[in-house]
Amino acid sequence: MRTTYFTTLLIFLLTFQSQGQENALVMQTDFGLKDGAVSAMKGVAFSVSRNLKIFDNTHEIQPFNIWEAAYRLHQTAAYWPKGTVFVSVVDPGVGSERRSVVMKTKSGHFIVTPDNGTLTFVADNMGIAEIRIIDETKNRLAHSQESYTFHGRDVYAYTGARLASGLISFEEVGPKFEGDIVRLPYQKPTLKNGIITGNVDILDIQYGNVWSNISLHLLRDADIEYGDKLQVKIEEDGVVKFDGVVLFGKTFADVAEGDNVAYVNSLLNFSLGVNQQDFSRKYKIRSGANSTIIVKEWK
Amino acid sequence: MRTTYFTTLLIFLLTFQSQGQENALVMQTDFGLKDGAVSAMKGVAFSVSRNLKIFDNTHEIQPFNIWEAAYRLHQTAAYWPKGTVFVSVVDPGVGSERRSVVMKTKSGHFIVTPDNGTLTFVADNMGIAEIRIIDETKNRLAHSQESYTFHGRDVYAYTGARLASGLISFEEVGPKFEGDIVRLPYQKPTLKNGIITGNVDILDIQYGNVWSNISLHLLRDADIEYGDKLQVKIEEDGVVKFDGVVLFGKTFADVAEGDNVAYVNSLLNFSLGVNQQDFSRKYKIRSGANSTIIVKEWK
Amino acid sequence: MRTTYFTTLLIFLLTFQSQGQENALVMQTDFGLKDGAVSAMKGVAFSVSRNLKIFDNTHEIQPFNIWEAAYRLHQTAAYWPKGTVFVSVVDPGVGSERRSVVMKTKSGHFIVTPDNGTLTFVADNMGIAEIRIIDETKNRLAHSQESYTFHGRDVYAYTGARLASGLISFEEVGPKFEGDIVRLPYQKPTLKNGIITGNVDILDIQYGNVWSNISLHLLRDADIEYGDKLQVKIEEDGVVKFDGVVLFGKTFADVAEGDNVAYVNSLLNFSLGVNQQDFSRKYKIRSGANSTIIVKEWK
């Protein structure tokens, strides 16, 4: 009798403990925050498990901009703990034949997304452990079969919530994915004869800074150090948008207000800004695979 | 003695269990996210119960647009579980004599709102179980009596949080409401001689799609099927804004980029879009009671 | 043996109880919501403690606008319970020598922020209990030493999360701060010969209302009552932007649509608006230390 009590109590306790340990579900979309779409996704996730910790990555991705979706995952994933499930819904091909997948990274993070290029940067930077195709006969919100245009709610939020809360295992997502994911083309950073070439990965929109995919490591390989002056060129489809000499500082405060500065951003990549002004607007810089950045020491 | 221990433990456990089971509090306002108003409401709710799960529906409702407030509740409520408490604060008449109420729907959802038309679509679609008038002598943030312009914080967030966390029952909200709620006029969808007439309910703002209140059921009653060509007309106050033949597809991908398409949206209502473009901007469509949509099969 | 069981169970229970009681972490920044910066901060905080309750004050503070950061904390802090930890990141001097501090208010709230003026209004209104300088040798995200431009993530979110979840005490933040914090200059409200003078503290952006720092108490000291007509003047750097007679009402509904009204806002401060229109746009009012407001009874 006493044993029964204890057993019951322990089951209760372990239940609570596992609830406290539920993983985060982090959502990103291009839906914006003006309507009810994100709320409907969260309602579905909350209905799956009331103990799920639900967060937003961003919902202000430019509509249909898969490059940006790929970048926002890359920008943030490593700062969330192992086991975190990201749901990304930038899905211009919703309802067409693109695959719906869950990628597990080597770091133990999960990404639920249409396989449309969104996985590019996380795959290259965190490594692919395994990918599963979502089996929609099992992993789809009940009674949603008539809806063809909101997989974010009916499939992705639902599957992500079930995975994050432990109701299904990664294997139960669906069959193993063979072959390669869809990848966006981009310029991988290179160093040759002291000249570094890379891509403008993204604009740091709020402040107008320009972020490249050239790492601090590569700068060091080229013997570039804080305090050096650098010759920097940005070309878009071969047209020069910026060509100048810039101080490589630790922070914006290393130059006067209004002056250009090169620095290492929060992902430890080479970046350009203007102290308390907007570099990207000043030089009309855009990001993407066709926006090349070339850096060398100025002598 | 042992029994006492067990009893104490069980009370603890049930307390935790009930905490884990607390209902969601879902807020929507026309406050925007640029200031501290939404945070103040959440602070009040969190002060009521630290275990409350607090979410946002949207805070970007156009200021004073009660129609949109009513629609956003309708768009999302069914995706949240029974017991969820919605707090809606679009309140152009704050401080005037409009009633503050809590509606319980037949589906078991609760809406805390000024009775100014916000309940229209949820009342018609989910059904009214019962309505209570908020007794502000009991259900009002302590020491907030001098504040006349922020019932969202002082009355609605406070009452919603107490209801969602189980600190008060629905009956304790206040006296039963007799009579009818304020309802926005709108065109209920009809089918006559193969011609369906309804309203443009809302614009799917982020993508520029046009959502009607004509259900998939009604389309089927009119023998309309995917792949059919449809004759669609949209009139605003009697002025024709769109009149054309549109393919009825399952998804945007059924037409070429830039082509018009008719489809069924995530609420299973008849909608119009342009694949990867903006239908509402192209034809200057607006939503509301005076925006009529007429659909029939094209032969 | 039985005692061991009980002890284990009680430890479990107290763990859960303390988890349920974790404090809120409330973040505000000028980062906007378009990128991944806020998400990275939340990921760091969630990695510190999965039971932390994480909320947003606002992330739409105008870039580098310390006055607004200071105001948003003042607007909201009192509505969150004692023990709440606010993290404020409006940090134009990131990487420079400004101090990183945690202020404990007399009301028991904590503010984690660069000491750049952000503390001004909370310090004056809630009172300073004690300030600690963040010891970044102990309170900094592991492996973030190469990052000089995102203290919001690496230092402030991390330290705030550890403080809110009880992993460190206030004393463990770092050494006691001696001397005075950086304070923004502003006009403290005064009453002389029936004339009240104060500052335009902030614009209530969404609706275009103008909020002053003149309290209801001061209005009462000047024998001003609801229903009175008031002579109101607003000057910016000595230039008159508004000068007129306005009814002092309890709510907007006390005047016709489109009419000016003086009222007491949700912080019980003197404010000006137009019923369902935008006062600040109508008269081109801006907020700040150089925007003076003068009120007296109209006779």
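Residue numbers (the working numbering), protein chains in the order written: chain U, 1 to 299; chain Z, 1001 to 1299; chain Y, 2001 to 2299. Ideal placement from N, C-alpha and C gives every residue a C-beta, glycine not left out.
Buried versus exposed, by CB contacts within 10 Å (16 or more), residue i
| i | result |
| --- | --- |
| Z/L1167 | exposed |
| Y/R2162 | buried |
| Z/E1068 | buried |
| U/R72 | buried |
| Z/A1253 | buried |
| Y/A2040 | buried |
| U/A289 | exposed |
| Y/A2142 | exposed |
| U/K42 | buried |
| U/G152 | buried |
| Y/I2285 | buried |
| Z/K1138 | exposed |
Identity of the residues DSSP links to residue i by a beta bridge
| i | result |
| --- | --- |
| Z/M1027 | Z/D1056, Z/V1087 |
| Y/R2281 | BP columns for Y/R2281 are empty, so no partner. |
| Y/K2106 | In the DSSP output, where bridge partners are listed per residue, Y/K2106 has none listed. |
| U/V182 | Paired residues: none, contrary to the question. |
| U/A318 | With chain U covering 1 to 299 only, the question about residue 318 of chain U has no answer from this structure. |
Beta-carbon spacing of residue i, residue j below 8 Å
| i | j | result |
| --- | --- | --- |
| Z/A1222 | Z/G1194 | yes |
| Z/V1246 | Z/L1272 | yes |
| U/G311 | U/V112 | Absent from the model: residue 311 of chain U. The displayed extent of chain U is 1 to 299, so no value can be given. |
| U/I66 | U/T29 | no |
| Y/D2124 | Y/R2099 | no |
| Z/Y1226 | Z/F1248 | yes |
| U/L25 | U/A70 | no |
| U/F86 | U/N57 | yes |
| Z/V1240 | Z/K1233 | yes |
| Z/K1104 | Z/F1170 | yes |
| U/I131 | U/V101 | yes |
| U/G174 | U/I202 | no |
| Y/V2325 | Y/S2280 | The structure shown does not extend to residue 2325 of chain Y, since chain Y spans only 2001 to 2299, so no value can be given for it. |
| Z/Q1231 | Z/G1258 | no |
| U/E146 | Z/L1191 | no |
| Z/I1158 | U/P63 | Residue identity check: residue 1158 of chain Z is Tyr in the sequence provided, not Ile. Not a contact, by the Cβ cut-off of 8 Å. |
| Z/Q1075 | Z/L1267 | yes |
| Z/S1047 | Z/E1022 | no |
When the options are compared against residue i, the one with the closest alpha-carbon
| i | options | result |
| --- | --- | --- |
| Y/F2242 | Y/T2190, Y/V2295, Y/T2120 | Y/V2295 |
| Y/I2214 | Y/G2174, Y/Y2226, Y/T2292 | Y/T2292 |
| U/P81 | Y/E2225, Y/G2227, Y/P2081, Y/A2045 | Y/A2045 |
| Z/D1228 | Z/V1210, Z/Y1186, Z/N1209, Z/V1261 | Z/V1261 |
| Y/L2033 | U/S49, U/V90, U/I205, U/M103 | U/I205 |
| Y/H2109 | Y/N2139, Y/D2091, Y/A2077 | Y/A2077 |
| Y/K2299 | Y/D2259, Y/I2224, Y/S2280, Y/R2220 | Y/I2224 |
| Z/P1092 | Z/K1053, Z/G1117, Z/Y1079 | Z/G1117 |
| U/E172 | U/V200, U/D135, U/E146 | U/D135 |
| U/S96 | U/L52, U/V122, U/S47, U/F150 | U/F150 |
| Z/R1183 | Z/F1121, Z/S1287, Z/N1269 | Z/F1121 |
| U/Q187 | U/G208, U/A129, U/A157, U/E236 | U/E236 |
| U/I196 | U/V48, U/N269, U/Y148, U/I128 | U/N269 |
| U/A164 | U/K176, U/I54, U/F177 | U/I54 |
| U/V264 | Y/G2083, Y/Y2148, Y/G2238 | Y/Y2148 |
For residue i, three-class secondary structure by DSSP
| i | result |
| --- | --- |
| Y/D2204 | strand |
| U/G152 | helix |
| U/L33 | coil |
| Y/Y2158 | helix |
| Y/L2247 | strand |
| U/K241 | strand |
| U/K138 | coil |
| Z/W1067 | helix |
| Y/L2163 | helix |
| Z/S1039 | helix |
| U/N125 | helix |
| U/A45 | helix |
| Z/Y1079 | helix |
| U/T113 | strand |
| U/A222 | coil |
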